[in-house]
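S.K.: Shown below is the structure under consideration.
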Amino acid sequence: MHPDPAVLNDYVEDALGASGRADVEGHLESCADCRGAVNELREIRDVAKALDPRDPPARSWTRLQRAIALEHGARAVQVAGSRSADASGSGSRRQLWIGVAAAAALVIATAAGLRYAGFTSGPSSSQRATTTGGANANTDAAAQAVEAELKQAEAHYEKAIQGLETIANSEKGALDPQTAATMQKNLAVIDQAISESRAALRVQPASAPAQQSLLESFKAKLALLEDTVALINEMRKGNDAGAARIVSGLKGKG
Amino acid sequence: MAGSPEDGEDLLQEVFLQAFRKLGTFKGDASLGTWLYRLALNHCLDYVRSRQARMKKLTDTLDAETSFEPAARRTTPIAKLDLDRAIERLPDGCREAFVLHDVEGFDHREVGELLGIAEGTSKSQVFKARLKLRAMLGER
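Chains G and R, in that order, give the protein sequences. The working numbering puts the first residue of the first sequence at 1, with every later residue one more than the last. The working numbering puts the first residue of the second sequence at 1001, with every later residue one more than the last.
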């Protein structure tokens, strides 16, 4: 009669007492099946112990770098914002707005970054399955049509972004250098996402995730520029209430 | 542990972001690697527990599979890649116990503490995982 499989497992784990161990060894001498089972359990255990760690794909580190850059910026501005608020009693109204403006730029950028990260973190398993199945079913014609639409959308975004960039660059004197630098930094993060998406599309032009990533990055950049320009306008007009509304709206978005 | 490479990537990002946020609390009592490993493990286990709560412990489906019968005798050694793939196909509960015990090297008491289960349950989950793996690897 064969020992219970759980007893053989305990034998493999050296968890049996002396007599139990002797019983199993006695049985193994005459039973090739149980001997084979014990050897296989040992092999599974040994190979599992020797499994190599898996390196994450390179894109993981790029994503992480982007997320940390955004978070690092947001944290720096929280400190700047609280310092500015403390200084309001001394009549340093501009200082207060520097903090607010910087916070606004970062809130936008963070919200944009989160939208991007939300996308790049990947669709759910079911979405992934659908995407894979759909991609397999795509005909060349359909893929070309999608690419053409993407190019059209890309051109639309680029035009809008170019216009806003011109305004933001010519008017950025309304922002203090620190805020302007922060904005530039956040734009650079989004630009990097755009470059990566484009690089991915060069390799796989029909890749739905890469296409979506590119469009999301454009949207993020557009939203950041739109809100920054709106904030600059309000600050130049000296419209505290208008600027506060923008900041408040941005917080709501974040 | 995560159940899929994609979920693993998401966890990686969350872990490092959390490390970035908590770096100021690192006292230097242990090495940075140990601190980070602990942080990662806790984060992964939180993820595992919340998923288990959602999926109502799929491990129960293995309860009847405690026989050596289905496995065909293999004639070649187990390749790491095959085992890696087979581990991915294990049900959540026994995969977690198996990975922590057989791959990561925790003992059953530690696995029990980490997963919030009894030591004996860890033992039986690892046993079930090995049986299941043996059957899967025998299918080749």
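A virtual CB, placed ideally from N, CA and C, is assigned to each residue, including glycine. These figures come from a predicted structure and were not determined experimentally.
Mind checking whether residue 62/G and residue 192/G have CB atoms under 9 Å apart?
M.R.: For the purposes of this step, residue 62/G is identified with residue 62 of the first sequence, where counting begins at 1. For the purposes of this step, residue 192/G is identified with residue 192 of the first sequence, where counting begins at 1. In contact: residue 62/G and residue 192/G (Cβ atoms closer than 9 Å).
S.K.: Is the CB of residue 1022/R under 9 Å away from at least one CB in chain G?
M.R.: Along the second sequence, read from residue 1 onward, the residue named residue 1022/R stands at position 22. No, no contact with chain G.
S.K.: With a threshold of 8 Å, establish whether the CB of residue 1137/R neighbours any heavy atom of the ligand FMN.
M.R.: Of the ligands one can find in the structure shown there are none, so the ligand FMN has no counterpart to examine.
S.K.: Going by C-alpha to C-alpha distance, which of 1019/R, 1125/R, 1051/R, 1079/R sits closest to residue 1039/R?
M.R.: Along the second sequence, one-based indexing puts residue 1039/R at 39. For residue 1039/R, the nearest C-alpha among the options comes from 1019/R.
S.K.: Got a sec: is the Cβ-Cβ distance from residue 1027/R to anything in chain G below 9 Å?
M.R.: For the purposes of this step, residue 1027/R is identified with residue 27 of the second sequence, where counting begins at 1. Residue 1027/R does not count as touching chain G.
S.K.: Identify, in the order they occur along the chain, each residue of the same chain with its Cβ nearer than 6 Å to the Cβ of residue 1122/R, setting aside the five sequence neighbours on each side.
M.R.: Against the second sequence, residue 1122/R aligns to sequence position 122. Result list for residue 1122/R: 1097, 1108, 1111, 1112, in chain order.
S.K.: Going by beta carbon distance, what residues of the same chain come within less than 7 Å of residue 1102/R, once the five residues before and after it are set aside?
M.R.: Residue 1102/R sits at position 102 when you count from the first residue of the second sequence. Around residue 1102/R: 1126.
S.K.: Using the beta-carbon of each residue, which ones in chain R are nearer than 8 Å to residue 45/G?
M.R.: The residue given as residue 45/G occupies position 45 in the first sequence. Neighbours of residue 45/G on chain R, chain order: 1102, 1130.
S.K.: Going by CA-CA distance only, name the one from 214/G, 7/G, 161/G that's closest to residue 151/G.
M.R.: As a position in the first sequence, residue 151/G is number 151, starting the count at 1. Answer by Cα proximity: 214/G.
S.K.: If we count the other Cβ atoms within 10 Å of its Cβ and call it buried at 16 or more, is residue 49/G buried or exposed?
M.R.: Counting from one through the first sequence, the residue named residue 49/G turns up at place 49. So residue 49/G ends up on the exposed side.
S.K.: Under a Cβ-count criterion, where at least 16 other Cβ atoms within 10 Å of its own Cβ denotes burial, should residue 1013/R be classed as buried or exposed?
M.R.: The residue you call residue 1013/R lines up with position 13 of the second sequence. Buried, since its Cβ has 16 or more Cβ neighbours within 10 Å.
S.K.: Can you confirm whether residue 1009/R, when its beta carbon is compared against all beta carbons of chain G, has any partner nearer than 9 Å?
M.R.: For the purposes of this step, residue 1009/R is identified with residue 9 of the second sequence, where counting begins at 1. Yes, residue 1009/R lies at the interface with chain G (some Cβ there is under 9 Å from its Cβ).
S.K.: Do the segment 1075 to 1082 of chain R and the segment 23 to 31 of chain G make contact, defined as three or more Cβ pairs closer than 8 Å?
M.R.: Not touching, per the Cβ criterion.
S.K.: Quick one: complete alpha helix (DSSP H) runs, 4+ long, within the segment 1076 to 1130 of chain R?
M.R.: DSSP runs (the alpha helix (DSSP H)) wholly in the segment 1076 to 1130 of chain R: 1080 to 1088, 1092 to 1098, 1108 to 1115.
S.K.: So is residue 1106/R in contact with chain G if we call contact Cβ pairs under 9 Å?
M.R.: Position 106 of the second sequence, counted from the start, is the residue given in the question as residue 1106/R. No, residue 1106/R lies away from the interface with chain G (no Cβ there is under 9 Å from its Cβ).
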